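Heads up: the sequence shown begins at 7 in our numbering, then just goes up one per residue. Even glycine gets a Cβ: it sits at the ideal position worked out from N, Cα and C. Model, not experiment: these values are computed from the prediction.
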Amino acid sequence: MTEQMSHADARQQASTIVAQMTLDEKINQISWKQPAIERLGIPEYNYWNEALHGIARAGVATVFPQAIGLAAMFDDTLMQEVADVIATEGRAKNNAFTAYGDRDIYKGLTFWSPNINIFRDPRWGRGHETYGEDPFLTSQLGKAFIRGLQGQAKYLKLAATAKHFAVHSGPEGIRHEFDAVVNDKDLYETYLPAFKAAVTEADVEGIMTAYNAVNGVPMSVNERLLNEILHQDWQFEGHVVSDYAAPEDVHENHHYTQNAAETMGLAIKAGLDLVAGGIEQSLHEALEQDLVTEAEITQAVVSLYATRVRLGMFADDDEYQQIPFEANDAPEHTDLAQKTAEKSFVLLKNDGILPLQKDALKSIAVVGPNADSVRALIGNYFGTPSEKTTILHGIQKAVNADTRVYYSIGCGLFQPHAESWLAKEDERESETVISAQHSDVVVAVMGLDSTIEGEQGDAGNSQGAGDKENLDLPGRQKQLLEKLLATGKPVIVVLTTGSSITLNGLENHPNLKAVINVWYPGVRGGDAFARVLFGEVSPSGKLPITFYKDLAGLPEFTDYSMTNRTYRYYTGTPLYPFGYGLTYTKVKLNDPTVTVDAKNHLATVTANITNIGNVDSDEVVQLYLKNLKSKQATTNPALKGFKRVTLQAGATKTVDFELTATDFEVFDKHGQAQIDSGSFTAYVGVSQPDEHSVELSQTKPVSIEINFE
7 MTEQMSHADA RQQASTIVAQ MTLDEKINQI SWKQPAIERL GIPEYNYWNE
57 ALHGIARAGV ATVFPQAIGL AAMFDDTLMQ EVADVIATEG RAKNNAFTAY
107 GDRDIYKGLT FWSPNINIFR DPRWGRGHET YGEDPFLTSQ LGKAFIRGLQ
157 GQAKYLKLAA TAKHFAVHSG PEGIRHEFDA VVNDKDLYET YLPAFKAAVT
207 EADVEGIMTA YNAVNGVPMS VNERLLNEIL HQDWQFEGHV VSDYAAPEDV
257 HENHHYTQNA AETMGLAIKA GLDLVAGGIE QSLHEALEQD LVTEAEITQA
307 VVSLYATRVR LGMFADDDEY QQIPFEANDA PEHTDLAQKT AEKSFVLLKN
357 DGILPLQKDA LKSIAVVGPN ADSVRALIGN YFGTPSEKTT ILHGIQKAVN
407 ADTRVYYSIG CGLFQPHAES WLAKEDERES ETVISAQHSD VVVAVMGLDS
457 TIEGEQGDAG NSQGAGDKEN LDLPGRQKQL LEKLLATGKP VIVVLTTGSS
507 ITLNGLENHP NLKAVINVWY PGVRGGDAFA RVLFGEVSPS GKLPITFYKD
557 LAGLPEFTDY SMTNRTYRYY TGTPLYPFGY GLTYTKVKLN DPTVTVDAKN
607 HLATVTANIT NIGNVDSDEV VQLYLKNLKS KQATTNPALK GFKRVTLQAG
657 ATKTVDFELT ATDFEVFDKH GQAQIDSGSF TAYVGVSQPD EHSVELSQTK
707 PVSIEINFE
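Now the structure itself:
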């Protein structure tokens with residue numbers, strides 16, 4: 007493996023380049039749309055590109071499952087492989103675009119991904135862009151994604167940008183003026199760990215600031231978070247970019263400063279390098295008013311050009327420049343997208359109906375607003391799939407030739423009409439019920455898509471600004487499901503969603519035989535689902551978020567305290583817990599052991615897992631740690647390890663987890679990490695160790711004491 011170019015070497019080269027620029031040229035380079043400097047032979051460059059779950063908004067590319075679906079795999083190795091493929095496609099596109107002279111938005115090598123915010127509230131519309139509600143899981147998957155994007159060679163393959171720093175998870179409608187009030191314990195325990203890991207362990211090249219303020223100070227000018235924590239404490243060496251038009255918010259919406267010049271002066275001093283927006287020219291006025299120095303502006307530009315140097319833009323020995331256009335959207339990449347989809351599906355309920363037996367199936371009804379929806383495959387921040395297999399199409403391809411597949415859209419996703427506003431409302435309901443009555447089994451594909459949950463201004467639910475008002479099935483979907491269940495036919499509900507959703511008790515209806523969450527499963531979601539439906543592969547995903555029964559007991563959306571939020575602090579009984587997901591087999595955990603290095607607070611926990619069923623399957627083994635004495639620990643045991651294992655029927659594997667001192671730390675009210683207890687219980691299982699998780703999974707974890715005293 008070639009050693010990657012150091013930040014110091016890159017900054018030295020960048021300093022030489024920037025030293026040749028005039029003041030006007032340097033200020034121009036603070037813009038996300040850097041103009042060319044022809045006299046220096048520097049071409050224009052656009053920093054804005056997206057790679058949330060594939061190269062986005064730049065034409066044809068492989069569309070992987072949405073980020074929340076990738077998180078449900080609980081597989082950091084596969085996550086890095088996915089990101090490496092995304093980086094290959096990004097380079098393939100960039101090499102071709104630049105050779106053609108096309109250097110527009112979404113065509114560069116700096117990618118504003120991943121989104122490693124904590125999905126703390128199920129109403130947040132952008133939660134499906136994240137890796138869920140847990141800081142440990144988010145940290146591990148974020149690191150893997152960043153490493154995959156940035157590569158292992160001398161130059162960066164792509165430059166990853168972790169966003170949105172910091173304490174950002176809605177509401178979308180007020181994000182431009184919202185002040186996220188957070189105490190230091192929650193800040194350091196929940197909101198910052200994934201960003202710290204991205205910087206100190208994955209060497210992420212970019213950080214994007216959030217729109218919101220934190221404790222009264224807008225993030226684009228937040229001296230404490232940008233300068234003290236990010237740059238000084240964590241020794242971040244890359245560049246910092248604002249979210250789009252976030253600097254403008256500082257004076258226009260937060261009213262924290264009087265004008266753009268004051269904003270830009272504070273932003274550059276705090277550690278912002280790149281303006282995604284349009285007020286960088288205010289730096290001229292800021293200079294005249296002594297709000298910033300030319301040396302500080304120069305350092306910002308050096309940071310930006312150091313990234314370009316590390317990307318090999320000024321080199322002739324960058325191996326990634328040889329990646330051909332044919333590497334984009336390659337067949338093996340589509341195969342990987344299908345593989346990840348298969349591993350992301352979470353089986354929430356199964357009364358024994360799954361997997362379906364093809365040979366016994368004479369007819370099947372595939373119905374619902376998302377049964378034939380491409381939008382439900384691709385989530386948001388997506389590329390253009392060159393091929394796409396909806397759930398309906400996947401089933402149609404997979405069934406036996408003499409099996410009849412009935413299809414009906416059933417109802418609109420959230421509208422009272424499914425197709426024609428000239429008809430009476432619910433105009434496709436009768437067709438759907440009739441289709442069910444003529445079938446052996448009903449597959450009802452329901453839920454959401456990114457027109458309902460997403461980013462403000464991007465999602466279609468302008469009333470909610472992308473956020474959800476509740477956890478219910480929208481529109482007439484529940485009504486349709488009730489009528490399908492009333493037919494007496496066995497019903498399998500397939501949920502396409504990126505967030506917690508409830509069927510309002512219909513989960514327990516005797517005719518509802520199975521529930522499976524497929525998230526937004528990507529380009530070949532239908533093929534992947536058909537393989538799971540008919541038992542060619544066992545589902546093995548786990549929930550990276552809590553599915554709540556309703557919003558009762560949850561704090562207000564605008565409350566950023568972690569009290570009664572997420573599985574670590576929630577005191578109620580959820581509908582489906584974090585970490586939960588069934589397979590087509592049964593496993594048993596046994597023989598836990600632990601070795602302890604008390605002096606250094608190290609421990610290795612091992613356990614055996616045996617597939618006691620008759621179906622080969624992956625399983626995700628999870629380790630949760632409970633602090634037995636600390637009053638500062640999380641309310642419930644917290645995830646500290648996970649490993650995906652493949653188990654043939656009857657096979658046993660030994661799984662080991664290495665715990666370091668960090669895993670045993672708690673945070674006090676000042677945000678200081680400390681180990682204030684020597685007594686812990688480690689639980690190893692396929693879910694959380696609580697009674698509800700064990701009841702649902704029908705698998706007991708094993709536990710063992712860890713004692714440092």
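Considering only their Cβ atoms, is the gap separating residue j from residue i smaller than 8 Å?
i: residue 222; j: residue 248; result: no
i: residue 352; j: residue 78; result: yes
i: residue 181; j: residue 121; result: no
i: residue 211; j: residue 295; result: no
i: residue 154; j: residue 204; result: no
i: residue 532; j: residue 367; result: no
i: residue 709; j: residue 688; result: yes
i: residue 528; j: residue 347; result: yes
i: residue 236; j: residue 268; result: no
i: residue 331; j: residue 102; result: yes
i: residue 262; j: residue 308; result: no
i: residue 521; j: residue 538; result: no
i: residue 92; j: residue 42; result: no
Give me, in chain order, the residues of the same chain whose beta-carbon lies closer than 7 Å to that of residue i; leave out the 5 immediate sequence neighbours on both sides.
i: residue 404; result: 536 and 540
i: residue 468; result: With a pLDDT of only 47 at residue 468, under the threshold of 50, the placement of this residue in the model should not be trusted; the figure read from the coordinates follows. Hits under 7 Å: none found.
i: residue 196; result: 124, 141 and 568
i: residue 459; result: 131, 134, 465, 472, 474, 504 and 505
i: residue 250; result: 282 and 283
i: residue 547; result: 78, 79, 349, 350, 351, 352 and 587
i: residue 673; result: 191, 194, 195, 638 and 679
i: residue 660; result: 612 and 614
i: residue 265; result: 257
Alpha carbons only, please: which of the options is nearest the one belonging to residue i?
i: residue 581; options: 58, 556 and 660; result: 556
i: residue 620; options: 590, 629, 648 and 663; result: 590
i: residue 170; options: 526, 133, 159 and 192; result: 133
i: residue 676; options: 106, 473, 194 and 243; result: 194
i: residue 409; options: 447, 385 and 416; result: 447
i: residue 564; options: 179, 9, 325 and 158; result: 179
i: residue 489; options: 442, 500 and 80; result: 442
i: residue 711; options: 625, 640, 611 and 162; result: 611
i: residue 654; options: 139, 511 and 624; result: 624
i: residue 478; options: 285, 174 and 511; result: 511
i: residue 607; options: 407, 661, 91 and 665; result: 665
i: residue 514; options: 343, 14 and 497; result: 497
i: residue 646; options: 657, 656 and 670; result: 670
i: residue 214; options: 59, 286 and 252; result: 252
i: residue 184; options: 286, 224, 163 and 285; result: 224
Within a Cβ cutoff of 8 Å, which residues of the same chain sit near residue i, ignoring the five residues on either side of it in sequence?
i: residue 114; result: 51, 52, 53, 54, 55 and 100
i: residue 16; result: 312, 313, 315 and 316
i: residue 280; result: 36, 37, 38, 53, 245, 246, 247, 248, 306 and 310
i: residue 570; result: 559, 560, 561, 576, 577 and 578
i: residue 340; result: 68, 393, 529 and 530
Spatial neighbours of residue i within its chain, please: CB distance less than 6 Å, with the 5 preceding and 5 following residues excluded, ordered by chain position.
i: residue 422; result: 431
i: residue 65; result: 390
i: residue 604; result: 714
i: residue 174; result: 123, 216 and 218
i: residue 438; result: 373, 414 and 416
i: residue 658; result: 614 and 616
Since residue i and residue j are thought to touch, with beta carbons under 8 Å apart, how far apart are those beta carbons, to the nearest angstrom?
i: residue 618; j: residue 592; result: 5 Å
i: residue 622; j: residue 544; result: 7 Å
i: residue 413; j: residue 382; result: 15 Å between Cβ atoms; not a contact.
i: residue 149; j: residue 207; result: 6 Å
i: residue 277; j: residue 232; result: 4 Å
i: residue 326; j: residue 159; result: 7 Å
Check your understanding: Whole beta strand (DSSP E) runs in the segment 355-410 with 3 or more residues, listed along the chain?
Key -> 369-373
Check your understanding: Along the chain, which unbroken stretches of the alpha helix (DSSP H) at least 4 residues long are found entirely within the segment 186-240?
Key -> 199-206
Review point. In chain order, which alpha helix (DSSP H) runs of at least 4 residues are fully inside the segment 242-324?
Key: 252-258, 266-276, 289-294 and 300-316
**Study point:** Sequence ranges, beta strand (DSSP E) only - wholly within the segment 18-79, length at least 3
**Key:** none
Check your understanding: Which ranges would you report for the alpha helix (DSSP H) in the segment 527-560 if only whole runs of at least 4 residues count?
Key -> 531-539
Exercise for review: At 4 residues or longer, and completely inside the segment 440-495: list those alpha helix (DSSP H) runs for me, N to C.
Suggested key: 483-491
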